[in-house]
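A.B. asks: The opening position of the sequence shown corresponds to residue 57 in the working numbering, with each subsequent residue numbered one higher.
By construction, the Cβ of each residue, glycine as well, lies at the ideal position given by its N, Cα and C atoms.
This structure is a prediction, so every number in the text was calculated from the model and none was measured.
Sharing a structure with you now.
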Amino acid sequence: MSGRHKDRPWLMRTYAGHSTAEASNELYRRNLAKGQTGLSVAFDLPTQTGYDPDHVLARGEVGRVGVPVSHLGDMRRLFQDIPLEQMNTSMTINATAMWLLALYQVVAEEQGADPARLQGTTQNDIVKEYLSRGTHVFPPGPSLRLTTDMIAYTVGRVPRWNPINICSYHLQEAGATPVQEIAYAMSTAIAVLDAVRASGQVPEERFGDVVARISFFVNAGVRFIEEMCKMRAFGRIWDQVTRERYGIENSKQRRFRYGVQVNSLGLTEAQPENNVQRIVLEMLAVTLSKDARARAVQLPAWNEALGLPRPWDQQWSLRIQQVLAHESDLLEYEDIFAGSRVIEAKVGELVTASLAEMDRIQEMGGAMAAVESGYLKSELVSSHAARRARIEGGEEKIVGVNVYESTEPNPLTADLDAAIMTVDPANESRVVAALHAWRDDRDEARASEALAALKKAAAGTANMMEATVECARAGVTTGEWAWALRDVFGEFRAPTGVSSAPLAVTAEPGTPLALVRERAARTAADLGVGRLRLLVGKPGLDGHSNGAEQIAVRARDAGFEVVYQGIRLTPEQITDAALAEDVHCVGLSVLSGSHAELVPDVLTRLREAGATDIPVIAGGIIPPADARALVEAGVAAVFTPKDFGITEIIGRIVDEIRTANKLDPLEVPA
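This is the structure in structure tokens:
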């Protein structure tokens with residue numbers, strides 16, 4: 057041993073939750089026993105988007121990407137035998153963050169905990185939901201009010217809680233450059249802090265306490281030197297903003313506090329064993345520099361591009377953190393990059409460019425105005441399209457995907473269907489039955505009164521948190537809480553950014569896109585129409601629209617007329633749109649695992665309508681067995697993350713349109 061003092065390690069988390077509250081509770085207790093030092097709760101999509109499990113949009117989504125929490129009883133079971141006063145719990149929840157915090161507080165109180173001692177984080181960043189992840193419910197104004205009310209409440213009642221986790225993680229997954237990631241996250245933080253100050257709910261002398269509880273959640277990609285510089289730039293800008301804009305003199309209150317999940321976007325389905333070294337390098341970006349070290353880290357599993365990781369896969373990711381923290385000498389040194397001219401130059405470059413973009417957003421009226429105008433979304437779609445073009449052109453190399461593609465047989469995926477965890481399809485009906493039993497057993501009058509009080513608070517100017525806590529105690533359900541607010545605030549459909557995205561791939565003569573464009577034009581002429589029409593649909597609650605947007609943009613550039621209405625549609629709505637728009641192909645994108653139920657539903661509805669000449673294409677994280685089942689059901693083609701060539705996918709769509717319409721195949725140039 058060196059005898060050096062070692063710093064305390066960061067919080068080690070695993071993002072987890074599935075099936076039911078009981079199953080997730082068992083997983084949490086097992087992970088804590090393995091040395092995990094904080095909880096990170098993944099909620100299923102109905103919980104995130106404010107639907108009960110028996111709602112039509114929840115079909116196929118219950119317990120898929122996280123745990124369903126419909127009411128206080130579920131929250132009790134989720135944390136049974138886990139002392140919340142001793143935990144540091146992160147909850148990835150945004151539109152319904154106020155509701156989940158209320159449930160958490162009530163369960164903690166039932167355990168005998170003092171709310172003032174609770175530690176943890178609610179993500180609660182609605183801006184990035186509009187831009188990248190899609191679990192928004194309410195319009196920007198009311199959403200910002202919900203966030204403001206939560207912050208004001210926690211400062212007084214749950215002072216050790218982080219009521220918002222400004223989240224740039226998903227911005228990077230949606231295509232953000234480091235400058236965009238910094239600028240958009242900082243602009244969101246400014247919008248939130250301005251709203252809290254303007255609300256008058258927090259005395260000026262306590263505004264430093266508000267700033268001190270703002271935390272961030274970032275992404276770390278494999279370009280780990282640039283990512284580490286990004287974190288130093290983040291901290292420098294945050295210190296400047298909080299000091300100059302808000303007058304915070306206490307340096308501890310100005311400290312940039314962040315947690316991280318390393319980049320899931322960069323995980324590959326091809327040669328997935330390479331994901332292990334990617335995860336390690338990405339972790340180094342947020343741990344190597346002491347002055348910019350993450351406060352909490354959670355790592356994805358090596359097989360997340362294939363499907364839902366098993367407990368063993370999550371354990372492997374936890375052990376990666378533990379080896380670095382406890383076996384290496386990383387925590388024994390001061391910042392090893394202090395004084396580096398190279399690092400300082402890169403940090404300065406990022407700071408200058410980010411501040412310029414922040415100024416541009418402020419000139420538009422701030423982050424919320426830039427969301428509503430579509431500017432932020434359009435910029436992200438454009439950046440993502442440019443990145444995809446670099447990958448397809450070989451300029452950006454991905455080992456095992458577009459370079460070094462030959463491989464030995466992989467023992468980890470020899471039985472691919474066993475290399476991931478699956479959720480029992482019967483789980484959904486059990487959850488729905490339990491929900492109905494809960495409603496039958498509660499005090500209906502108290503629940504109704506609580507909901508009426510919530511709507512009154514929402515329609516007025518009162519802080520909505522107290523009414524929400526009473527809803528939790530009264531047995532109100534997630535869907536009922538959200539519908540009460542929908543009745544007052546309405547719902548919001550965010551801009552898609554597709555129509556305004558510029559051309560990312562050139563179509564000069566002889567290029568792949570030019571050839572696909574020619575084939576699309578010839579097929580349209582053969583069918584006697586001006587242009588081929590493609591409907592890109594997102595059935596169910598999956599809001600990860602990056603792939604769908606890139607398909608839509610490339611199809612547009614290949615000469616298609618594209619119908620894309622954004623996220624959160626029922627199979628019935630997608631079918632109706634396909635028939636009304638007289639499309640030639642339907643492309644469905646699903647990353648949440650609900651493909652097995654929702655894609656065949658669309659196919660069946662089209663057949664029943666007599667539209668047998670409209671091929672259905674599916675894309676997403678779809679295991680091989682499910683892909684085979686979809687093809688057997690009549691789906692024309694299935695694309696997964698290994699199919700990274702978007703132009704080739706569009707060409708395949710043209711081929712499937714010709715096949716469905718009994719047209720002769722077109723020759724493909726050698």
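Could you spell out the range, first to last residue, of the alpha helix (DSSP H) harbouring Y431?
C.D. replies: 431-448
A.B. asks: When the distance is taken between beta carbons, is L67 closer than 7 Å to A528?
C.D. replies: no
A.B. asks: Determine the closest residue to T517 out of Q142, Y209, L134, S255, with distance taken between C-alpha atoms.
C.D. replies: S255
A.B. asks: Pick from A409, V336, E505: whose alpha carbon is nearest that of A357?
C.D. replies: V336
A.B. asks: Considering Q377, what are the terminal residues of the alpha helix (DSSP H) in which it resides?
C.D. replies: 367-383
A.B. asks: Over the uninterrupted alpha helix (DSSP H) stretch that includes N87, give me the two end residues.
C.D. replies: 77-89
A.B. asks: From the DSSP output, in three-state form, read off Y460 for me.
C.D. replies: coil
A.B. asks: My guess is that L26 and T703 are in contact by the Cβ rule of under 8 Å, so how many angstroms apart are they, rounded?
C.D. replies: Past the edges of the chain, shown from 57 to 726, lies residue 26, and the structure says nothing about it.
A.B. asks: Relative to the alpha-carbon of T567, which residue among G596, R301, T324, A614 has its alpha-carbon at the smallest distance?
C.D. replies: A614
A.B. asks: My assumption, with CB atoms under 8 Å, is that P644 sits in contact with I677. Please give the rounded CB distance.
C.D. replies: The residue asked about is misnamed: residue 644 is Leu in this sequence, not Pro. Wrong, their Cβ atoms sit about 13 Å apart, outside the cutoff.
A.B. asks: Over the uninterrupted beta strand (DSSP E) stretch that includes E617, give me the two end residues.
C.D. replies: 617-620
A.B. asks: By a C-beta neighbour count over all protein chains shown, 10 Å radius and 16 as the cutoff for buried, is A665 buried or exposed?
C.D. replies: exposed
A.B. asks: So what does DSSP say about Y302, is it helix, strand or coil?
C.D. replies: coil
A.B. asks: Below 6 Å CB to CB, which residues in the same chain sit around N218 once its five sequence neighbours on both sides are set aside?
C.D. replies: T177, R269, S271
A.B. asks: With distance defined between alpha-carbon atoms, name the residue in V193, T631, R684 nearest to L662.
C.D. replies: Residue T631 is the option with its Cα nearest to L662.
A.B. asks: Please give the ranges of any beta strand (DSSP E) in the region 228-281, keeping only runs that are unbroken, at least 3 residues long and fully inside the region.
C.D. replies: 270-276
A.B. asks: Exposed or buried, which one is V379 when buried takes at least 16 other CB atoms within 10 Å?
C.D. replies: V379 comes out exposed.
A.B. asks: Who does N218 pair with in a DSSP beta bridge?
C.D. replies: T177
A.B. asks: Helix, strand or coil for L510 per DSSP?
C.D. replies: helix
A.B. asks: For R311, does the three-state DSSP call read helix, strand or coil?
C.D. replies: coil
A.B. asks: Count the other C-beta atoms from every protein chain shown that fall within 10 angstroms of the C-beta of E712, then say buried if there are 16 or more, exposed otherwise.
C.D. replies: buried
A.B. asks: Which residue wins for smallest C-alpha separation from N221, given the options R313, R292, L200?
C.D. replies: R313
A.B. asks: Quick check on L321 - is its C-beta less than 7 Å from some C-beta in chain B?
C.D. replies: In the structure shown, chain B does not exist; there is a single protein chain.
A.B. asks: Could you have a look at M131 and say whether DSSP puts it in helix, strand or coil?
C.D. replies: The answer is helix: DSSP assigns M131 an H, G or I state.
A.B. asks: Which value, in whole angstroms, describes the spacing of the CA atoms of E428 and R416?
C.D. replies: 15 Å
A.B. asks: Can you tell me the Cβ-Cβ gap for H127 and T534, rounded? I've got them flagged as a contact below 8 Å.
C.D. replies: Confirmed, about 7 Å.
A.B. asks: Do T70 and R333 have their beta-carbon atoms positioned less than 7 Å apart in this structure?
C.D. replies: Strictly speaking, residue 333 in this sequence is Gln, with Arg absent from that position. Their beta carbons are not under 7 Å apart, which means Q333 does not touch T70 by this criterion.
A.B. asks: Going by other Cβ atoms of all chains shown within 10 Å of its Cβ, with 16 needed for buried, is K453 buried or exposed?
C.D. replies: exposed
A.B. asks: May I ask you to verify whether the region 504-513 touches the region 484-494, counting CB pairs closer than 8 Å and requiring at least 3?
C.D. replies: no
A.B. asks: Let me know if M57 comes out buried or exposed under the rule of 16 or more other beta-carbons within 10 Å of its beta-carbon.
C.D. replies: Per-residue confidence for M57 stands at a pLDDT of 47, beneath the threshold of 50, marking its modelled position as unreliable; the derived number appears in the next sentence. Result: exposed.
A.B. asks: Is the beta carbon of M414 less than 7 Å from the beta carbon of A247?
C.D. replies: Note that the C-beta distance between M414 and A247 is not below 7 Å.
A.B. asks: In terms of DSSP beta bridges, what is P595 paired with?
C.D. replies: L625
A.B. asks: Reducing DSSP to helix, strand and coil, say where G707 ends up.
C.D. replies: helix
A.B. asks: Cutting at 7 Å between CB atoms, please list the residues of its own chain near V112, excluding the five before and the five after it.
C.D. replies: T626
A.B. asks: Nearest CA to the CA of Y460: which residue from A251, A326, H651?
C.D. replies: A326
A.B. asks: Which class does L590 belong to by DSSP, given the choice of helix, strand or coil?
C.D. replies: strand
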